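Heads up, the thing below is written out as structure tokens.
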Amino acid sequence: MNRTDIDALIGAGDPHPRTTFDPTAHVERVRTILRDPPQNRPVRLESSQSPRRRRGWIAAAVAATGAALGAVTLTSLPTAPAFAGWTTSPASVSPVSADVLSDACPGQAREIVDTDGGPAVNLLPLPRVIVDVRGPYTYVVSASEQGWEECLITPDAEGGIDVVTNDAAYGQPVSTQVDADEVSVVVGLDRTTSWRQGADGLPGALTSAFGRAGSDVVSVTVTTASGSAVEATVHNGWWAVWIPGEVDLEGSISASLEDGSTISVL
């Protein structure tokens, strides 16, 4: 099966309607969340239909157990105008706000399977595990033992949003659990690129990584090969980070624990 065949399957396997979502209303909710402290105002959840004004699908299924697509490339930490407003430290958002911010992401991995009628796309639903907010940008990771999805929501010039996803299926269940004082890398730091300049909906290239964090982990810092430090979001046993541009993440990952000690992952 060639790339054209896969692309055709992916297009045919997308069940999400593209006409039921009001991007202007979504953007206004996002702006309200980022502008006003959640504890000072009521927040009402609204259901939606996996909305996307435009979306680019960038990754393929991963057949081998434990294999994953990652994002590491070759320059120092940029001040990319394409991601104006991005910050090295993530914003703090409440669980309710996280639901609103991430409601545009489909939360699924696409698995190419063989059937009697030929190759087909099997959609694996994934729970959302972490939301990372930096300026006007929302990065969402959904994951399970079946696979993972990265999703980036960015504002566009017309007042709406663009949603770009990157996902992979493992092919068979893979446990990513870690001990209380451990941190692991699920995606990233493996010399592959998952978010490219020119992908539909992206204002520029970016580099991302995420993984598991034990219950004793209170913070995770990723240091690039050039020495720039970026604070990851840590929540509910996961950590996540993304950086504008093509950045070499092969520096180090350090984590602070509840007892005040620090561990190095790489």
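Going by full-length UniProt numbering, the sequence shown opens with residue 1, and the numbers climb by one from there.
Don't be surprised by glycine CBs; every beta carbon is placed ideally from N, CA and C.
The model shown is predicted, which means the values in this text are computed figures rather than measured ones.
Here the C-alpha atom of V217 lies approximately 23 Å from the C-alpha atom of A225.
Counting only runs of 4 or more residues that sit fully inside the segment 75 to 155, the alpha helix (DSSP H) segments are 95 to 101, in chain order.
For E231, the uninterrupted beta strand (DSSP E) run begins and ends at A229 to E231, by DSSP. R134 and L257 have their C-alpha atoms roughly 23 Å apart. Taking a contact to require three or more Cβ pairs closer than 8 Å, the segment 118 to 136 and the segment 145 to 158 qualify as touching.
Three or more Cβ pairs drawn from the segment 207 to 215 and the segment 227 to 240 lie within less than 8 Å of each other, which places the two stretches in contact.
Assignment of T221 by DSSP, reduced to helix, strand and coil, places it in the strand class. Cα atoms of S97 and S175: separation of roughly 29 Å, rounded to the nearest angstrom. The straight-line gap separating the alpha-carbon atoms of P90 and G118 is approximately 44 Å. With contacts defined as CB atoms closer than 7 Å, T233 and D132 qualify as a contacting pair. Just measuring C-alpha positions, the residue of E182, S254, S261 and S142 sitting nearest V230 is S254. Around G251, the same chain offers T223, T224 and A225 as residues with beta carbons nearer than 6 Å, after the five sequence neighbours per side are excluded.
Taking 7 Å as the cut-off, the Cβ atoms of G204 and P136 do not count as close. For V187, there is no enclosing beta strand (DSSP E), as DSSP marks it with neither H nor E. In the structure shown, L249 adopts coil according to DSSP, grouped into three states. Note on Q108: 16 or more other CB atoms within 10 angstroms of its CB, so buried under the neighbour-count rule. Bounds of the beta strand (DSSP E) holding V163 are I161 to A169. Its chain contains V129 and I130 as the residues whose beta carbon lies nearer than 8 Å to that of N236, once the 5 sequence neighbours on both sides are disregarded; these appear in chain order. T262 has S256 as its beta-bridge partners, per DSSP. T221 and N122 have their C-alpha atoms roughly 35 Å apart.
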